[in-house]
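Going left to right, the sequence shown walks through residues 92 to 365 as the numbering used here numbers them.
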Amino acid sequence: MKITDILRSEKPGLSFEVFPPKTSALFDEVWEATKQIARLHPSYMSVTYGAGGSTAQYTAEIASGLKEEGVTPLAHLTCVGATKERIRELLRDLRARGIENILALRGDIPAGYDRETLAFHYASELMEEIRAFGGFCIGGACYPENHPESVNSTADIESLRIKVEAGCEFLTTQMFFDNNILYNFMYRLYRAGIDVPVIAGVMPVTSKSQIRRICSISGNTLPQPFLRLVDRYGDNPAAMKQAGIAFATEQIIDLYANGIQALHVYSMKHPDVA
Numbered sequence: 092m093k094i095t096d097i098l099r100s101e102k103p104g105l106s107f108e109v110f111p112p113k114t115s116a117l118f119d120e121v122w123e124a125t126k127q128i129a130r131l132h133p134s135y136m137s138v139t140y141g142a143g144g145s146t147a148q149y150t151a152e153i154a155s156g157l158k159e160e161g162v163t164p165l166a167h168l169t170c171v172g173a174t175k176e177r178i179r180e181l182l183r184d185l186r187a188r189g190i191e192n193i194l195a196l197r198g199d200i201p202a203g204y205d206r207e208t209l210a211f212h213y214a215s216e217l218m219e220e221i222r223a224f225g226g227f228c229i230g231g232a233c234y235p236e237n238h239p240e241s242v243n244s245t246a247d248i249e250s251l252r253i254k255v256e257a258g259c260e261f262l263t264t265q266m267f268f269d270n271n272i273l274y275n276f277m278y279r280l281y282r283a284g285i286d287v288p289v290i291a292g293v294m295p296v297t298s299k300s301q302i303r304r305i306c307s308i309s310g311n312t313l314p315q316p317f318l319r320l321v322d323r324y325g326d327n328p329a330a331m332k333q334a335g336i337a338f339a340t341e342q343i344i345d346l347y348a349n350g351i352q353a354l355h356v357y358s359m360k361h362p363d364v365a
C-alpha cells in the first residue's frame with residue numbers, strides 16, 4: 092500500500108522507524124527487534140539508509156521482510172555521492188521486491204567533499220529521478236525549525252515547494268520538542284500553498300547523551316519543561332528513559348487533539364520504546 096493511501100484514512104496514524112544493521116553479523120538482532128515493533132501493527136514502518144549507501148542492501152531486505160510481516164514499508168534512499176546509474180540500480184531492486192514507498196533524501200555531504208562532482212545536489216533532484224523511473228510514492232523530509240543549511244525560513248519553505256514540484260507527495264518532519272513550533276510551521280506551509288500531507292516526527296529522548304547529539308546536529312529548541320525533565324532525571328538512566336517516553340506521549344496526545352492525523356516516532360529500533 093502507498094503511504095498517501097494510508098494518510099487518507101480518518102483513523103489517526105502512528106508509524107515507527109528502524110535502522111538497518113551496519114554489518115551482516117548484526118542483521119538477525121536488528122530483524123528480531125524490527126519484527127517486535129511490527130507486531131504493534133503500526134500504520135507503516137520506515138527503514139533508514141546508512142551514510143553513503145553503506146546499508147542499502149539491508150535497507151531493502153528489511154523493507155521487503157516487513158511486507159511479509161504485513162506492515163507497509165517506507166524505504167529511505169539518499170543520493171549524496173551516488174551516480175544516476177547507481178540510483179536506478181537501487182530503484183530496480185526496490186521495485187523487484189515490491190516496495191512502493193521511498194523517502195527521498197540528499198544525505199549529509201562528507202567533510203571535504205567537492206560538491207561540484209555530485210550527480211545529485213538536492214533531494215529534489217533525486218525525487219525527479221524517482222518520478223521519471225515511475226511506480227513509487229515519494230516522500231521527503233522537512234524541518235519545522237529550518238534546514239541547517241537554509242539561510243532563512245523563506246528559503247526553507249521555497250525548497251519544500253521545489254520538492255513538491257519535483258514529485259514529493261508527503262513530508263515527514265524532523266523531530267521537534269515544542270508543538271507550537273510545528274503548528275507555526277504548518278501555517279507557513281499553508282500560506283505558501285504547500286498542501287501535501289505532513290507527518291509529524293516525534294523522538295522519545297531516553298538518555299542524556301541523545302540530547303547532546305540532537306542539539307549538535309540539528310540545533311533543536313528545547314522548551315523549559317523538557318529541560319527541567321532532563322535536569323531531574325538525566326543522571327538516572329532508567330528514570331530518564333521513562334520520563335522521555337512520557338514527554339513524547341504527551342506531545343503525541345496534544346498533536347492528535349489539535350488535528351495532526353499522522354505521527355512518526357523515531358524509535359531507533361527499540362521495541363520497548365515503541
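Beta carbons: idealized from backbone N, C-alpha and C, even for Gly.
Rounded separation between residue 186 and residue 130 - CA only: Taking the sequence shown and counting its residues from 1, the one referred to as residue 186 is at position 95. Taking the sequence shown and counting its residues from 1, the one referred to as residue 130 is at position 39. Each residue's alpha carbon lies about 25 Å from the other.
Inter-residue Cα distance where the pair is residue 283 and residue 183: What you label residue 283 is simply residue 192 of the sequence shown in a count that begins at 1. What you label residue 183 is simply residue 92 of the sequence shown in a count that begins at 1. Their Cα atoms are separated by approximately 35 Å.
Cβ-based neighbour list, residue 364, same chain, cut-off 6 Å, excluding 5 preceding and 5 following: Taking the first residue of the sequence shown as position 1, residue 364 is located at position 273. Cβ neighbours of residue 364 beyond the five flanking positions: 295, 358.
Through-space distance from residue 293 to residue 180, alpha-carbon basis: Stepping through the sequence shown from its first residue, residue 180 is reached at position 89. Stepping through the sequence shown from its first residue, residue 293 is reached at position 202. Taking the straight line from one Cα to the other gives about 32 Å.
Through-space distance from residue 334 to residue 319, alpha-carbon basis: For the purposes of this step, residue 319 is taken as the residue at position 228 of the sequence shown. For the purposes of this step, residue 334 is taken as the residue at position 243 of the sequence shown. Roughly 11 Å separates the two Cα atoms.
Candidates 286, 218, 134: closest to residue 171 by CA position: Start at 1 with the first residue of the sequence shown, and residue 171 comes out as number 80. Taking only the C-alpha atoms, the option nearest residue 171 is 218.
Euclidean distance between Cα positions of residue 238 and residue 135: As a position in the sequence shown, residue 238 is number 147, starting the count at 1. As a position in the sequence shown, residue 135 is number 44, starting the count at 1. Straight-line Cα distance between these residues: approximately 25 Å.
Residue nearest to residue 151 in terms of C-alpha spacing, selected from 166, 278, 209: Taking the first residue of the sequence shown as 1, we reach residue 151 at position 60. Measuring C-alpha to C-alpha distances from residue 151 to each of 166, 278, 209 identifies 166 as the nearest.
Cut-off 7 Å between Cβ atoms - residues of its own chain near residue 314, not counting five sequence neighbours on either side: Locating residue 314 in the sequence shown gives position 223, counting from the first residue. Excluding positions up to five away in sequence, the list reads 268, 269.
Exposure label - residue 92; buried when at least 16 CB within 10 Å: To locate residue 92, count along the sequence shown from 1; it is residue 1. Classification of residue 92: exposed, given that the 10 Å Cβ count is below 16.
Nearest to residue 227 (by Cα), restricted to the options 113, 263, 190, 250: Locating residue 227 in the sequence shown gives position 136, where the first residue counts as 1. Considering only alpha carbons, the answer is 190.
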